[in-house]
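Following the numbering used here, the numbering of the sequence shown begins with 20 at its first residue and continues without gaps.
Cβ atoms here follow ideal geometry from the backbone N, Cα and C, with glycine treated the same way.
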Amino acid sequence: MKRGYVLHHRPFRESSVIVNLLIEGIGRVDAITRVGSGKRSIKSILQPFQPLIIQFSLQSEIKNLGLKTITHIESAAPAIPLAGNSLYSGFYLNELLVRLLSVDHQAEGLFLAYHRALMSLAKGFCSSHLRYFEMALLLELGAFPSLNYDATGNALAADCHYRFIAESGFLPVALSNESHFSHGKGYLSGAMLLALASQSLQADQLNQAKGLMRYLLTPLLGSKPLLSRQLFAKNAQ
20 MKRGYVLHHR
30 PFRESSVIVN
40 LLIEGIGRVD
50 AITRVGSGKR
60 SIKSILQPFQ
70 PLIIQFSLQS
80 EIKNLGLKTI
90 THIESAAPAI
100 PLAGNSLYSG
110 FYLNELLVRL
120 LSVDHQAEGL
130 FLAYHRALMS
140 LAKGFCSSHL
150 RYFEMALLLE
160 LGAFPSLNYD
170 ATGNALAADC
180 HYRFIAESGF
190 LPVALSNESH
200 FSHGKGYLSG
210 AMLLALASQS
220 LQADQLNQAK
230 GLMRYLLTPL
240 LGSKPLLSRQ
250 LFAKNAQ
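Listed below in structure tokens is the structure:
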């Protein structure tokens, strides 16, 4: 049996559903399960942010769909309580995983990063929790630049400023130079990059970190908007 979380589910054939899952030690798994009815219904636990214990088998008639079959599922702990911006943040993490993580990509390490993000959000909203998970996801996808060395091979320095160059990394710049990276003042502080690496972002560094992550995620997500970002926008109005 494996620990897991539901990322998303949709109806499939009468009383069954297709479930997108994040599974410990594996990564993303798409599976099918019967929902049941009455006292035997599992609807109440097939929800986001509910820690689960899951067992799978593979049935021949659904191999062509790339789906595993859930043979056993139960709650592993009470659902993680998220509300307000923390709830929208949880939906955002789920949407990122469904959009960017393929079933064929074995992302063993993301389960712990995801679980930690949810537990942190349950204690109180801070956008830094989103940045750390985005970094873990981008690293898993091979789409995150080095936070140890700049594009010239020198160690990143807290008192320097950088602009991001695709395929190269962070290039040192003088403060008077304006980079193509349009967030903040057109540059990224070395102190922010080092704080991101050590997961110790400060309040005055959050906007720069958000801008960097959005810049890196945009080409992966494409033009289709994220529904969870729309929820954030509506809540802010």
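**Integer Cβ distance of L190 from A170, believed to fall under 8 Å** = Here residue 190 corresponds to residue number 171 of the sequence shown, with the count starting at 1. Here residue 170 corresponds to residue number 151 of the sequence shown, with the count starting at 1. Right, their Cβ atoms sit about 5 Å apart.
**Prompt:** Hey, which unbroken runs of the alpha helix (DSSP H) at 4 residues or more fall wholly within the segment 119-201?
**Reply:** 129-142, 146-159
**Prompt:** Which value, in whole angstroms, describes the spacing of the CA atoms of V122 and E43?
**Reply:** Counting from one through the sequence shown, the residue named residue 122 turns up at place 103. Counting from one through the sequence shown, the residue named residue 43 turns up at place 24. Cα-Cα distance, rounded: 14 Å.
**Asked** Where R47 and Q74 are concerned, what is the direct C-alpha to C-alpha distance, given to the nearest angstrom?
**Response** Counting from 1 along the sequence shown, the entry for residue 47 is found at position 28. Counting from 1 along the sequence shown, the entry for residue 74 is found at position 55. Those two C-alpha atoms are separated by around 14 Å.
**Request:** Can you check the segment 30-91 for any alpha helix (DSSP H) of at least 4 residues that lies completely inside it and give the ranges in chain order?
**Result:** none
**Prompt:** Are three or more beta carbon pairs between the segment 135-155 and the segment 81-101 nearer than 8 Å?
**Reply:** yes
**Item:** Extent of the continuous alpha helix (DSSP H) to which Q12 belongs
**Value:** The chain is shown only over 20 to 256; residue 12 falls outside these bounds and no answer can be derived.
**Prompt:** Do A210 and A174 come within 8 Å of each other at the CB atom, strictly closer than that value?
**Reply:** Here residue 174 corresponds to residue number 155 of the sequence shown, with the count starting at 1. Here residue 210 corresponds to residue number 191 of the sequence shown, with the count starting at 1. Not closer than 8 Å, so no.
**Item:** Coil, strand or helix - L207 by DSSP
**Value:** Numbered from 1 along the sequence shown, position 188 holds the residue referred to as residue 207. Three-state DSSP puts L207 in a strand.
**Message:** Among S34, F68, A50, whose alpha-carbon lies nearest the alpha-carbon of S56?
**Reply:** Walking along the sequence shown from the start, residue 56 turns up at place 37. When each option's Cα is compared against that of S56, the closest is S34.
**Request:** Just tell me which of V25, S147, L225 has its CA closest to the CA of S63.
**Result:** For the purposes of this step, residue 63 is identified with residue 44 of the sequence shown, where counting begins at 1. Of the listed residues, the one whose Cα sits closest to S63 is V25.
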